[in-house]
Structures are given as C-alpha cells and as structure tokens.
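For reference, the structure discussed in these notes is given below.
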Amino acid sequence: QITLKESGPTLVKPTQTLTLTCSFSGFSLSTFGMGVGWIRQPPGKALQWLALIYWDDDVRYSPSLKTRLTIAKDTSTNQVVLTMTNMDPVDTATYFCAHSMTTGSFDYWGPGSLVTVSS
Amino acid sequence: QSVLTQPPSVSAAPRQRVTISCSGSSSNIVNNGVSWYQQLPGKAPKRLIYNDDRVPSGVSDRFSGSKSGSSASLAISGLQSEDEADYYCSAWDDRLNGPVFGGGTKLTVL
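If you read the sequences in order, they're chains D and G. Residue numbering for the first sequence follows our numbering, beginning at 1 and increasing consecutively. Residue numbering for the second sequence follows our numbering, beginning at 1001 and increasing consecutively.
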C-alpha cells in the first residue's frame, strides 16, 4: 500500500526559500521505474506540475520554474525534498507530492500542504 | 494558460452520460498516454484513467477514456451526485520534458 504525505511550513515570507518534504511508504525510490513528483494548485486554480525525480536520479523540472527549484531524494529515509527559492505571494498554493512510474502519470497522491506566502 | 485545453464546465442530470474533452498537440496527447483525475472539493486528485483508456483497479467502470489524434475524452455514465467534482486531463509533453495538465473542468450534476 503506497502512501505519501507532505510536510513543511504553512507560512513563508516573500523572498524566502520554501523547503517541503514528502515522506512516503509502500515503495522504494531505488526500485526501477519509481518516481516522485511535486504538483501545486493555487486556490481556485488548476494543477501545475513542478518537478519529478526518478529511481535513477533523473530529475525533471517545469521549464517556467526551473531556476528556482531543486528536488532531491533520500532513499534511506524514504523522503523527497523540494526547495523553491525567492518565494512570492503568487506561489501561494497547496503543494502535493505524488508517486509516478516513468510515464509521468500520478497514481498515488499525498493529501497536500497549503503554503501561504505573505509578509 | 494550460497546455491542454478543457471546457471550464459541463453539466448533466443524474443517470445521464457526460463527456469531457481535452485538446492538446503532437508534443503531448498525440504521442503519449493521457491520464484523467477527479478532484473532490478540498481533496487530493484521484487518478481515474491512465494510458488513454485504462481504468485502475478500484475505479468504477462508469468512467471510461478515449483518444483520437490530439484530443482525448473522459466519459462518465450513470451520473451520480457524488460525481460532482473537478476533472483534469494530463499527458507527458516531449517538448517541455514533463507532464502537463489541462485547466480543469467542473462537473455539475443537475
């Protein structure tokens, strides 16, 4: 049974760096084909993919946010960490992590973590 | 503006059938599998369809997917009140090198 859960700050100030952790169970990110992605959703708006990391350390970033994002995995603790620099109020959103195989389709999702950017 | 285009809203009466369209291009839908997600208010998305028309175990067979060229569709038959939700399509985009989502469609069961 695959489960994921996001954790991190609920409030960050403009220009600060956001660090979110996805803790998962039921699979290993050292197993062939496995991946974890981050997707966000501003209030009342659509889903937006941010980043993906695969079992073989292949990483992909949304081109529009690539300069601000870093994704990393820790297979020993079953965690994936996303950092986003230079936060702005428009980055206020619910941030989801999700499990994916190589197709980029997300079959299991965490409940989401609302992050508000405000001074 | 989303890479994949969906109608903002659709509606239908209980027990009717409704379809939601998703339009893309050769860099995404044409050459890659389409997934569909259902998002209930305040909840995380749930995958309903993958690889264009595959239904995951545990998902009702009232949901079906299809694809033709650069467009995909989600059909929901025997509409129920609990189907009221937002629906999103998604596909890998070879040009952007990652998955892209549609803008979402709000389904209202009249």
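Backbone N, C-alpha and C fix where the C-beta goes; we use that ideal spot for every residue, glycine too.
{"Asked": "is_contact[threonine 67 of chain D, chain G] using C-beta, thresh 9 Å", "Found": "no"}
{"Asked": "Residue interval of the beta strand (DSSP E) (run including tyrosine 1087 of chain G)", "Found": "1085–1093"}
{"Asked": "Cross-chain neighbours of alanine 46 of chain D in chain G, by beta carbon under 8 Å", "Found": "Ser1002, Tyr1088, Phe1101, Gly1102, Gly1103, Gly1104"}
{"Asked": "Proximity of threonine 10 of chain D and leucine 82 of chain D at Cβ, strictly below 9 Å", "Found": "no"}
{"Asked": "Where proline 1099 of chain G falls: helix, strand or coil (DSSP)", "Found": "strand"}
{"Asked": "Residues of the stretch 1013–1035 of chain G whose Cβ lies closer than 7 Å to any Cβ of chain D, in chain order", "Found": "Gly1033, Ser1035"}
{"Asked": "Proline 1056 of chain G at chain D interface by Cβ criterion, 9 Å", "Found": "yes"}
{"Asked": "Reduced DSSP category for valine 81 of chain D - H, G, I as helix; E, B as strand; rest coil", "Found": "strand"}
{"Asked": "Proximity winner among G/Ala1044, G/Pro1008, G/Tyr1050, G/Gly1098, relative to serine 1035 of chain G (alpha-carbon distances)", "Found": "G/Tyr1050"}
{"Asked": "Cβ pair alanine 98 of chain D, arginine 40 of chain D closer than 9 Å", "Found": "no"}
{"Asked": "Touching by the beta-carbon criterion (3+ pairs, under 8 Å), the stretch 1011–1028 of chain G and the stretch 1044–1061 of chain G", "Found": "no"}
{"Asked": "Within-9 Å CB hit, isoleucine 71 of chain D to chain G", "Found": "no"}
{"Asked": "Identity of the residues DSSP links to arginine 60 of chain D by a beta bridge", "Found": "D/Leu52"}
{"Asked": "Below-9 Å beta-carbon distance, arginine 1062 of chain G vs any chain D residue", "Found": "no"}
{"Asked": "From D/Asp58, D/Thr116, D/Val36, residue whose alpha carbon lies closest to that of aspartate 91 of chain D", "Found": "D/Thr116"}
{"Asked": "Neighbour list for aspartate 107 of chain D in chain G, Cβ cutoff strictly below 8 Å", "Found": "Arg1047, Tyr1050, Pro1056"}
{"Asked": "Option in D/Asp88, D/Val80, D/Thr103, D/Gly112 with minimal Cα separation from serine 119 of chain D", "Found": "D/Asp88"}
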